[in-house]
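One structure is given below, encoded as structure tokens.
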Amino acid sequence: MKLCAASLALALGAAAAHAAPDAAALYQVHCASCHGSDRFGAVGPALLPENLGRLGKAGAQAVIRDGRAGTKMQGFKAALDDESIKALAAYVTSPPATAPLWGRAQIEASRVLTPEPPAAKPVYSADPLNLFVVVEGGDHHVSIVDGDRFTPIDRFASRFALHGGPKFTPDGRYVFFSSRDGWVTKFDLWTLKVTAEIRAGLNSRNIALSKDGRHVAVANYLPDTLVILSTADLSVEKIFDVADRNGKASRVSAVYQAPPRNSFIAALKDAPEIWEISCDPNAPPVYPGFVHSYESGMKEALGSTGGLFALRRIEISSPLDDFFFDPSYRYVLGAHRDGDKAVVVHLDIGAEIATIPLPGMPHLGSGISWMRDGRVVMATPHLKDGKISVIDTTDWRLIAEIPTPGPGYFLRSHDNTPYAWADSSLSPQHRDEISIIDKQSLKVVRTLKPAPGKMTAHVEFDRSGKHALVSVMEKDGAVIVYDAATLQEIKRLPMSKPIGKYNVYNKITFSQGTSH
Ligand code: DHE
């Protein structure tokens, strides 16, 4: 006899009255059609411990019971009793019986191409270099906003849970997004269409584009790979199986573009190494040594070949997983999430040259730099302390700690404004405050509270630096446009949890006031 899904569900429910629920069977009945029978995700996100770490078991129970607003995930409280919900939450937050496999074959099979006929010009009248790309996490959409008139010109559904900054080709025409589930999406900002998608990992951190815009690198937590794709059609160019010199595997915390070096630089979560991968087809051979090749399954001699994607390992004393680069890209400041210091690594000589005490978990990835007294300073917020630390990049001295009402994620400025804007969004009492910091006096000159009681964070300037856009990061949130000189509100655009917004011009010119 063949049971339909509903009768099987009833049968399982009845069985649950007598025995512990069979979570694996419940999963196949209720979850597999959206999340995949292997739990790797389908129309819904992957349900693996690596992907659900932020939600936790209690969060998973709540979502199974009540659903997730703004998504297709419906609540199951009418179909499942408490015990079954608990069993399912425990099941999806535990590792699967066999380790997930996501190699070249699986990546290539996931690729979807939807090429558009060539366009001679944008399909709108707005300045294509002054667009804002707004990632709305509340209902997993992206809005494209005209940066002169501050009006939305497009809105489309994104992959589930985009994270990190989208990355632009040097001409500003295409933008690439990455989701925590490993999807990379290519979007044409002229035709306003998605043109290609591929799943490069099961759990990814971020992406970076090469200086020439031809390659996109994807940092993965699961599996331990760094994947390089062609930006033309997202085809796979190279897969690095990430492991230290001794073969111990490592997750990749993040990957960055280093334009003056024409390379990618990757932070490894579990190995005391920084990886530099050349994007120059004529790169000279690099360090001697050996690396295990995921693709060939053999040890490859390092240094015997240079060229495109030649790998250089920089040994450091302990793993660093959050980076800030000085404007010359000769130095990188790195921090460990649990650490209380930043380490300065000289990338040319491949050695640590300074240590800066920075208690309170610096968020170096959000760091920015500017000129002060003829010297380049960098500043970073902290995820645990209410302060902005300011460092002189000529001698790596900590020159100031600017107190803010609470810890925050982001810091932003622009070459044409005297102020840097910092949030305190990680403070329960001050999550709605934005501190305006004078970049020369290093004092907070004003505190804004655009939406009392609501989490407010992430600022981005328009191309001219005359306007600053601030996110009210709630479901019924908004992007608020401020006059960056008078600090007066000009406009409020309703948005669904706008977690980040990115100005095309500031991104492609690598403005010092924005993260890269
Ligand atoms: Fe992010 C960027 C890491 C949690 C929103 N975040 C980044 C980058 C890294 C990073 C390495 C730089 C990548 C890039 O832009 O290419 N983020 C981490 C973490 O390790 C952390 C603390 C824990 C985690 O779960 O991964 C974390 N980040 C968050 C959030 O909870 C945020 C606020 C909301 C969310 O939905 O994830 C969040 N992260 C962002 C945003 C950026 C980002 C908006 C891009 C900033 C930019 O302006 O460029």
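Residue numbers (the numbering used here): 3 to 518.
From the three backbone atoms N, C-alpha and C, an ideal C-beta is built for every residue, glycine too.
Since we're looking at a predicted model, the values are computed, not measured.
Contact fails between the region 66 to 73 and the region 112 to 124, because fewer than three Cβ pairs, one in each stretch, are under 8 Å apart. Taking 4 residues as the shortest admissible run, the region 34 to 109 contains the following complete alpha helix (DSSP H) segments, listed from N- to C-terminal end: 34 to 37, 51 to 54, 58 to 68 and 84 to 94. Annotated as distal: isoleucine 109 and alanine 219, with beta-carbon spacing of 9 Å or more. Here valine 147 carries a strand assignment [DSSP, helix/strand/coil]. Inclusion of valine 254 and valine 238 in the CB contact set at 9 Å is not warranted, their separation being larger than that value. Secondary structure note for alanine 27: its alpha helix (DSSP H) is the uninterrupted segment 25 to 32. Shown here for serine 330: same chain residues with a beta carbon closer than 7 Å to its own, the five before and five after excluded, namely Pro262 in chain order.
The bridge partners DSSP lists for serine 206 are Asn222. Placement of the Cβ of aspartate 324 at a distance of less than 8 Å from at least one heavy atom of the ligand DHE is found. Taking the CA atoms as reference points, leucine 413 sits about 37 Å from asparagine 284. Annotated three-state conformation of lysine 389 is strand, per DSSP. Here the region 365 to 385 lies against the region 320 to 337, with 3 or more beta-carbon pairs under 8 Å apart. In this structure the region 445 to 457 touches the region 401 to 419; the number of beta carbon pairs closer than 8 Å is three or more.
Under the three-pair Cβ rule at 8 Å, the region 123 to 139 counts as touching the region 157 to 165. Contact between leucine 224 and glutamate 52 holds: CB atoms are separated by about 5 Å, below the 8 Å threshold. Placement of the Cβ of valine 94 at a distance of 8 Å or more from every heavy atom of the ligand DHE is found. For asparagine 505, the enclosing beta strand (DSSP E) begins and ends at 500 to 505. Relative to the ligand DHE, glutamate 476 has its C-beta separated by 8 Å or more from all heavy atoms.
Within the model, the alpha-carbon separation for histidine 217 versus aspartate 235 is close to 10 Å. Taking a 10 Å sphere around the C-beta of glutamine 259, we find 16 or more other C-beta atoms and assign the residue as buried. If the five residues before and after valine 392 are omitted, its C-beta is found closer than 8 Å to the C-beta atoms of Val379, Met380, Ala381, Leu400, Ile401, Ala402, Glu403, Ile404 and Leu444, all from its own chain and listed in chain order. At a cut-off of 8 Å, the beta-carbon of arginine 339 counts as near the ligand DHE: some heavy atom of the ligand is closer than that. In the three-state scheme derived from DSSP, where H, G and I count as helix and E and B as strand, lysine 456 is classed as coil. The ligand DHE never approaches leucine 28 closely enough for any of its heavy atoms to be under 8 Å from the residue's Cβ. The alpha carbon of arginine 157 has as its nearest neighbour, out of Arg374, Glu275, Lys441 and Thr193, the alpha carbon of Thr193. Glutamate 462 is bridged by DSSP to Leu471.
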